[in-house]
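Structure first, then comments.
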Amino acid sequence: MPQRSKPRPPRVGSENVSTALAHLRLSWLLNHFPPLLIWTLYVFVNGFVTIALLALLAVVSETAFVFPSLGPTAYLFFFSPMGQSSSPRNAILGHAIGLACGYGAFWAAGLEHGAPNFHDGVYWPRILSAALSLAFTGAFMVLLRVNHPPAGATTLIVALGILSTPYLLVVIEVAVVLLTVQAFVINRMAGLPYPLWQSAKVDEGES
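Final position of the sequence shown in my numbering is 232; the numbers increase by one with none missing.
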């Protein structure tokens with residue numbers, strides 16, 4: 026008489042983990058709680074975590090891994106993650122364009138030999154540098170279809186001489202890449218089909 030095989034015990038642990046992870050997905054949370062509350066908490070928590078990690082890196086390395094234009098980039102990553110301007114391509118290339126245009130304008134205005142002293146007020150070379158940097162950054166982002174508004178702040182940071190050495194320009198771009206990697210991991214963990222490089226969604230003005 027054949028022996029009956031003993032039923033395998035259910036994998037309670039793995040099922041509980043899978044259920045818990047499923048409950049952390051945005052789709053589940055949005056279906057069970059007020060969407061406005063969920064998106065508010067999503068932006069709050071992830072904005073705090075990503076910038077805090079970069080700030081910690083800045084403290085440990087004593088390098089400027091945190092700068093003003095990272096804030097709006099982080100906001101875009103978590104408020105409208107599927108938008109074209111929030112894609113890794115637009116964030117990384119947009120800030121790179123801003124850095125290049127800001128540095129070029131900084132030199133074109135003849136500001137490369139002096140340290141930034143804002144107690145002197147605004148004078149013509151600084152006006153020229155700021156205006157040129159933003160004009161070229163905006164034009165190149167439109168021309169290359171790399172819309173990322175926070176890059177407009179990055180280019181002014183460089184053009185005004187706040188962060189303008191080649192080393193710091195590299196640090197700024199590395200910080201953008203690190204923030205983008207964090208956004209990719211967090212959005213994917215939340216169940217969003219966040220793109221590896223470029224979003225399929227086209228922003229207004231890019232079509």
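Where is the CB? At the ideal position from N, CA and C, for every residue including glycine. As the structure is a prediction and not an experimental result, all values here were calculated from the model.
The Cβ atoms of G135 and T162 do not sit closer than 8 Å to each other.
Excluding five sequence positions before and after L55, the CB atoms of its chain that fall closer than 7 Å to its own CB belong to I63, given in chain order.
For the pair of segments examined, the region 182-190 was found not to touch the region 108-120: the number of CB pairs separated by less than 8 Å stays below three. Of the residues R50, Y67 and S224, the one whose Cα lies closest to the Cα of N172 is S224. Within the region 136-211, the complete alpha helix (DSSP H) runs of at least 4 residues fall at 149-168 and 176-184. The Cβ atoms of A200 and L79 lie closer than 8 Å to each other. Sequence-distant partners of W222 (beyond 5 residues in either direction) whose C-beta falls short of 6 Å from its own C-beta, in its chain, are P113 and R114. With the rule of 3 Cβ pairs closer than 8 Å, the region 210-222 does not count as touching the region 149-166. Excluding the 5 residues flanking it on each side, R50 has same chain C-beta neighbours closer than 8 Å at A215 and G216, in chain order.
If you ignore the 5 residues before and after L153, its C-beta comes within less than 8 Å of the C-beta of A130, A133 and A134, all in its own chain and listed in chain order.
L193 and G72 have their alpha carbons spaced roughly 23 Å apart.
A straight-line Cα-Cα distance of about 8 Å links L82 and T88. Between the C-alpha atoms of W149 and M107 there is a straight-line separation of about 41 Å. Here DSSP, grouped into helix, strand and coil, assigns V91 to coil.
Here DSSP, grouped into helix, strand and coil, assigns P218 to coil. The beta carbons of F90 and V183 sit about 16 Å from each other, so the pair does not count as a contact at 8 Å. Spatial neighbours of L204 in its own chain (CB-CB distance under 7 Å, excluding positions within 5 residues in sequence) are listed in chain order as T75, L79, L95, T98 and A99. For the set R151, R170, E137 and F103, the Cα lying nearest the Cα of Y219 is the one of F103. In the DSSP assignment, F73 falls within the alpha helix (DSSP H) that extends over P60 to S86. Linking L185 to V167 through their CA atoms gives a straight-line distance of about 23 Å. For A176 against G119, the beta-carbon gap comes to about 4 Å, under 8 Å, which counts as contact.
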